[in-house]
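Residue numbers (the working numbering): 0 to 160. Note that CB positions come from ideal geometry on N, CA and C, so glycine has one too. Owing to the predicted nature of the structure, the values given are computational and were not obtained by experimental measurement.
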Amino acid sequence: MLPGYKNLMQMPRILKVVVSSGVGSFKDKTKFKVVEDRLARITGQKPAPRGAKISIASFKSRQGDVVGYQVTLRGKRMFDFLDRLVDLALPRTKDFRGISPNAADEMGNYTLGIKEHNIFPETSDEELKDVFGLAVTIVTSAKSKEEVLAFLTHLGFPFKK
0 MLPGYKNLMQ MPRILKVVVS SGVGSFKDKT KFKVVEDRLA RITGQKPAPR GAKISIASFK
60 SRQGDVVGYQ VTLRGKRMFD FLDRLVDLAL PRTKDFRGIS PNAADEMGNY TLGIKEHNIF
120 PETSDEELKD VFGLAVTIVT SAKSKEEVLA FLTHLGFPFK K
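In structure tokens, the structure reads:
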């Protein structure tokens with residue numbers, strides 16, 4: 000139990016993890032399938048497509064066109080994903096010196112940007128021509144930025160000094 004809490008139920012907990020990837024508007028629809036398949040392999044769950052909110056003529060996108068995929072993880076899958084992220088994927092990142100403590104917000108959430116999806120062991124043997132990034136948002140019940148950073152440090156997240 001973290002210091003400063005009188006009751007075990009006061010401690011912050013992880014509520015959900017949201018993994019999302021924006022694919023933009025591709026002319027080639029096979030890239031959508033590649034992103035969807037690899038995101039499903041990384042998370043163990045089928046991603047939900049996300050459509051464009053508005054039409055933008057310069058990007059040639061219409062409202063409702065698929066521009067990304069999102070997966071919400073809870074329960075056992077959430078903790079399995081976080082274990083693989085912290086223990087296997089992050090140490091495989093090039094020049095990894097820790098994750099930034101500035102990515103926590105005032106609501107008790109932490110968002111981590113990953114530039115290359117192939118740091119995960121499930122996708123390391125694939126072609127490198129279709130590399131895409133991920134955004135991992137960890138939603139906690141923490142009440143402040145300092146509280147979420149202390150909680151994630153206690154869980155073993157490697158923050159920069």
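What residues are listed by DSSP as bridge partners for residue i?
i, result
"Arg49", "Gly67"
"Ile98", "Phe158"
"Leu178", "Nothing about residue 178 can be read from this structure; the chain reaches only from 0 to 160."
"Leu72", "Val16"
"Ala166", "Residue 166 falls outside the range modelled here, since the chain spans only 0 to 160, and no answer is possible."
Can residue i and residue j be called in contact, C-beta distance under 8 Å?
i, j, result
"Pro11", "Phe158", "no"
"Met77", "Val16", "yes"
"Ile41", "Thr122", "yes"
"Phe131", "Ser19", "no"
"Phe97", "Lys160", "The sequence as given places Gly at residue 97; Phe does not occur at that position. Going by C-beta atoms, Gly97 is nearer than 8 Å to Lys160."
"Arg37", "His116", "yes"
"Lys45", "Ala39", "yes"
"Ala102", "Tyr68", "no"
"Leu133", "Ile113", "yes"
Which residue marks the beginning of the alpha helix (DSSP H) containing residue i, and which one marks its end?
i, result
"Gly21", "Note, Gly21: premise wrong, no alpha helix (DSSP H); beta strand (DSSP E) at Ile13 to Gly21."
"Ala88", "Note, Ala88: premise wrong, no alpha helix (DSSP H); not H, not E."
"Val34", "Thr29 to Thr42"
Between the C-alpha atoms of residue i and residue j, what's the straight-line distance to the nearest angstrom?
i, j, result
"Leu7", "Leu14", "16 Å"
"Val33", "Arg91", "22 Å"
"Ala141", "Phe156", "16 Å"
"Ala88", "Gln9", "31 Å"
"Met106", "Leu72", "19 Å"
"Leu111", "Val85", "11 Å"
"Lys93", "Thr139", "28 Å"
"Asp129", "Val66", "16 Å"
"Asp70", "Asp79", "Reading the sequence as shown, one finds Val at residue 70 and not Asp. Those two C-alpha atoms are separated by around 14 Å."
"Val22", "Lys28", "11 Å"
"Phe95", "Gly3", "32 Å"
"Ile118", "Gly43", "16 Å"
For residue i, decide whether its Cβ has a neighbour in chain D, counting only Cβ atoms nearer than 8 Å.
i, result
"Ile118", "The question asks about chain D, but that chain is absent: this structure has only one protein chain."
The beta strand (DSSP E) spanning residue i covers which residue range?
i, result
"Val138", "Leu133 to Thr139"
"Thr110", "Asn108 to Ile113"
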